[in-house]
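In this note's numbering, the protein residues as written are 2 to 108.
Don't be surprised by glycine CBs; every beta carbon is placed ideally from N, CA and C.
Written below as structure tokens is the structure these notes are about.
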């Protein structure tokens, strides 16, 4: 692999029946399905050679960089995070993580 991205499963429960539709005809239905997506855990490994694709002298979000790598047909694989993971990408999540960490230290 050229790059590895840590992923966390994220489930979305649909509280209704979901129809598969083709040409306005219902072809099947799934009663209250759960869809699982592989979401970004924010941990990455890159081969050094890939940094040539990184735009120089400008800000580049890692998700934009991953898109660039995919456009260059780089092989990117996922590595599932199996333990507890907490998002800190938004301020309220970061504060929540800090409180949780304080709680762990007290125990």
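Item	Value
Quick test of the definition: if touching needs 3 or more C-beta pairs under 8 Å, does the segment 73–81 touch the segment 24–31?	no
For residue 99 and residue 23, I'd like the C-alpha separation in whole angstroms.	48 Å
With distances taken Cα to Cα, identify the nearest neighbour of residue 46 among 101, 79, 83, 91.	79
Three-state secondary structure (DSSP) at residue 22?	strand
Pull up the CB-CB distance for residue 4 and residue 51, whole angstroms please, since I reckon it's below 8 Å.	6 Å
Is the CB-CB distance between residue 66 and residue 40 below 8 Å?	no
Please give me, in chain order, every unbroken run of the alpha helix (DSSP H) with length at least 4 that falls completely inside the segment 26–93.	63–72
Which stretch, first to last residue, makes up the beta strand (DSSP E) that contains residue 13?	4–14
Among 13, 20, 81, 19, which one has its Cα closest to the Cα of residue 6?	81
Taking Cβ positions, are residue 35 and residue 14 nearer each other than 8 Å?	yes
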